[in-house]
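> Residue numbers (our numbering): 64 to 437.
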Amino acid sequence: MKVQPFRFRADAARTAALPERLARSHRAAATADPQGRMGIPPADLARLARGLTEFDWPGFEARINRHAAYVVEDAQRLHFVHERSTDPGALPLLLLHGWPGSFLEFSTLIPELTAGTPAFHVVCPSLPGYGFSTRSLDEPCNTAAIAARMVHLMRGLGYDRFLVQGGDWGSMIGAQIARLHAPHCIGLHLNLAATQPPPEGDPARSAVLPEETAWLQANAHTFADGLGYYAQHNTRPQTLAVALADSPLGLLAWLGEKHLAWSDTDAAGRSLVSDQAILDHVALYWITDSIGSSIRLYYDEAHDPGSQSRVSVPTGVAIFPRELIRNPRAWVQYRFNLVHWSVLPRGGHFAALEVPDLLLADLRAFTRTLAVLP
């Protein structure tokens with residue numbers, strides 16, 4: 064495996080054209096909708112559009128290049144951050160993002176993970192088709208295929224056994240690593256455990272605590288009202304990609320809505336995901352032209368979900384109150400070898416961006432339950 068250093072420099076022509084593209088955008092007629100019941104609130108879109116028009120590309124380059132990054136060039140390019148700890152007892156850790164995120168979600172966490180106790184050697188890739196990592200659209204690439212690619216990367220870096228942390232797609236890819244490559248996975252930590260319920264008649268299916276009943280009610284609302292994007296990604300990703308790849312304002316609306324709707328809020332009702340973090344993700348998807356290749360994963364997984372057998376690797380789960388899906392502990396325990404379970408007081412779908420301190424503490428608490436520390 065040939066590893067090469069990576070430094071990002073934005074394409075000058077593409078960045079220079081962005082303000083003009085935004086200025087020429089046709090704004091759709093919309094009602095105020097401050098709660099976002101019909102999509103991104105127009106006031107939020109206008110504010111974010113101003114931020115994208117004035118986007119600081121040199122600052123963005125610096126934020127990306129602050130970490131030691133590399134690429135592996137084979138049939139496709141795989142980009143990853145690799146930061147080693149100075150602690151000789153540090154454990155290898157694979158961090159896996161999801162959609163509509165990126166490796167940038169973990170920027171605050173990475174230096175904290177390499178320091179402190181327990182410490183970690185951190186590998187944080189861009190998933191195939193996301194950001195600086197490419198994929199072929201002529202061949203399917205589901206979570207099982209990505210899991211194999213991640214194991215190959217970690218072993219190529221000298222980490223034969225390692226921990227995995229993931230949310231969103233990262234949780235599903237992490238589960239496939241633990242399921243299909245268990246000898247290489249020390250432990251699995253998830254901040255999304257979107258499992259299927261146990262079979263009808265199994266005692267675990269009805270072992271739902273009173274507070275978890277409210278979770279299932281919230282899940283039902285999400286399934287009925289919050290997964291329109293999921294159906295489109297699953298079934299007609301290329302049609303949607305035409306619109307989003309052509310319109311920076313459309314891309315901002317599609318990604319921005321999810322960041323705002325899926326995150327927790329502060330006392331003033333503001334999202335715990337900053338405008339800067341949202342704009343950084345929009346800029347990354349725009350400058351790498353990766354929106355179409357990123358959402359293709361939904362289609363590929365829907366048509367070939369691979370094995371869903373029980374995970375035997377020790378698993379820890381952190382439940383955040385504004386996560387899209389929260390399943391009862393008994394349901395998760397039915398599908399995973401659950402050794403650590405936490406219900407956190409705040410945070411949503413983007414835990415690494417919203418409440419990095421809570422995610423870090425929970426990951427470390429889980430790691431201490433494993434018989435791998437020196």
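Virtual Cβ for every residue (Gly too), placed ideally from N, Cα, C.
Computed from a predicted model, the values in this text were never measured in an experiment.
Which one or two residues does DSSP pair with Cys-248 in a beta bridge?
Mapped onto the sequence shown, residue 248 falls at position 185. Beta-bridge analysis with DSSP links Cys-248 to Phe-225.
> Pairs of beta-carbons, one from the segment 380 to 393 and one from the segment 412 to 428, closer than 8 angstroms: are there three or more?
yes
> Tell me whether the segment 220 to 231 and the segment 240 to 256 touch, counting them as touching only if at least three CB pairs, one residue from each stretch, are closer than 8 angstroms.
The segment 220 to 231 and the segment 240 to 256 touch, with no fewer than 3 CB-CB distances between them shorter than 8 angstroms.
> For Thr-328, list the residues DSSP reports as bridge partners.
Position 265 of the sequence shown, counted from the first residue, corresponds to residue 328. Thr-328 pairs with Ser-334.
> Quick check: Pro-163 and His-322, are their CB atoms within less than 9 angstroms of each other?
One-based indexing of the sequence shown puts residue 163 at position 100. One-based indexing of the sequence shown puts residue 322 at position 259. Taking 9 angstroms as the Cβ cut-off, Pro-163 and His-322 qualify as a contacting pair.
> Please state whether the Cβ-Cβ distance between Ser-357 and Tyr-133 is less than 9 angstroms.
For the purposes of this step, residue 357 is taken as the residue at position 294 of the sequence shown. For the purposes of this step, residue 133 is taken as the residue at position 70 of the sequence shown. In this structure, Tyr-133 does not lie closer than 9 angstroms to Ser-357 by Cβ.
> Using three-state DSSP, classify Gly-122 as helix, strand or coil.
Start at 1 with the first residue of the sequence shown, and residue 122 comes out as number 59. If DSSP states are grouped into helix, strand and coil, Gly-122 belongs with the helices.
> Over the uninterrupted alpha helix (DSSP H) stretch that includes Val-305, give me the two end residues.
Within the sequence shown, residue 305 is the residue found at index 242, counting from 1. Val-305 -> alpha helix (DSSP H) spans 300 to 309.
> Helix, strand or coil for Trp-404? Go by DSSP, reduced to three states.
Position 341 of the sequence shown, counted from the start, is the residue given in the question as residue 404. Reduced to three states, the DSSP call for Trp-404 is strand.
> Would you kindly report the start and end of the unbroken alpha helix (DSSP H) that includes His-366?
If you number the sequence shown from 1, residue 366 lands on position 303. Here the alpha helix (DSSP H) through His-366 covers 354 to 366.
> How would you label His-477, buried or exposed, when you count the other beta carbons within 10 angstroms and need 16 or more for buried?
There is simply no residue 477 to check, as the chain begins at 64 and stops at 437 in what is shown.
> Which residue from His-247, Gly-332, Pro-262 puts its Cα closest to that of Val-395?
Position 332 of the sequence shown, counted from the first residue, corresponds to residue 395. The candidate whose alpha carbon is nearest that of Val-395 is Pro-262.
> Below 7 angstroms CB to CB, which residues in the same chain sit around Glu-364 once its five sequence neighbours on both sides are set aside?
Taking the first residue of the sequence shown as 1, we reach residue 364 at position 301. Scanning its chain for C-beta atoms nearer than 7 angstroms, with the 5 sequence neighbours on each side dropped, one finds around Glu-364 the residues Asn-205, Thr-206, in chain order.
> Taking Gln-67 as the reference, give the member of Asp-107, Ala-73, Asp-119, Ala-131 with the closest Cα.
For the purposes of this step, residue 67 is identified with residue 4 of the sequence shown, where counting begins at 1. Ranking Asp-107, Ala-73, Asp-119, Ala-131 by Cα distance to Gln-67 puts Ala-131 first.
> Just the C-alpha distance for Leu-85 and His-244, rounded to the nearest angstrom, thanks.
Residue 85 sits at position 22 when you count from the first residue of the sequence shown. Residue 244 sits at position 181 when you count from the first residue of the sequence shown. Between the alpha carbons of Leu-85 and His-244 lies a gap of roughly 45 angstroms.
> Check whether the Cβ atoms of Ala-210 and Gly-237 sit closer than 9 angstroms, and answer yes or no.
The sequence position of residue 210 within the sequence shown is 147, counting from 1. The sequence position of residue 237 within the sequence shown is 174, counting from 1. Result yes, Cβ atoms of Ala-210 and Gly-237 sit closer than 9 angstroms.
> Just to confirm the assignment, what range does the beta strand (DSSP E) spanning Thr-378 have?
Counting from one through the sequence shown, the residue named residue 378 turns up at place 315. Element bounds for Thr-378: 374 to 382.
> Taking C-beta to C-beta, are Trp-325 and Arg-385 nearer than 9 angstroms?
Your numbering for residue 325 matches position 262 in the sequence shown. Your numbering for residue 385 matches position 322 in the sequence shown. Taking 9 angstroms as the cut-off, the beta carbon of Trp-325 is found closer than this to the beta carbon of Arg-385.
> Ends of the beta strand (DSSP E) at Tyr-397?
The sequence position of residue 397 within the sequence shown is 334, counting from 1. Looking at the DSSP string, Tyr-397 is not in any beta strand (DSSP E); the run it does join, the alpha helix (DSSP H), is 392 to 398.
> Take the Cβ of Asp-201 as the centre, count every other Cβ of all protein chains shown within 10 Å, and call the residue buried at 16 or more, exposed below.
Stepping through the sequence shown from its first residue, residue 201 is reached at position 138. With fewer than 16 Cβ atoms within 10 Å of its Cβ, Asp-201 is classed as exposed.
> Just how far apart, CA to CA, sit Leu-360 and Pro-191?
Residue mapping note: residue 360 aligns to position 297 of the sequence shown, counting from 1. Residue mapping note: residue 191 aligns to position 128 of the sequence shown, counting from 1. Looking at the two C-alpha atoms, the distance is approximately 9 angstroms.
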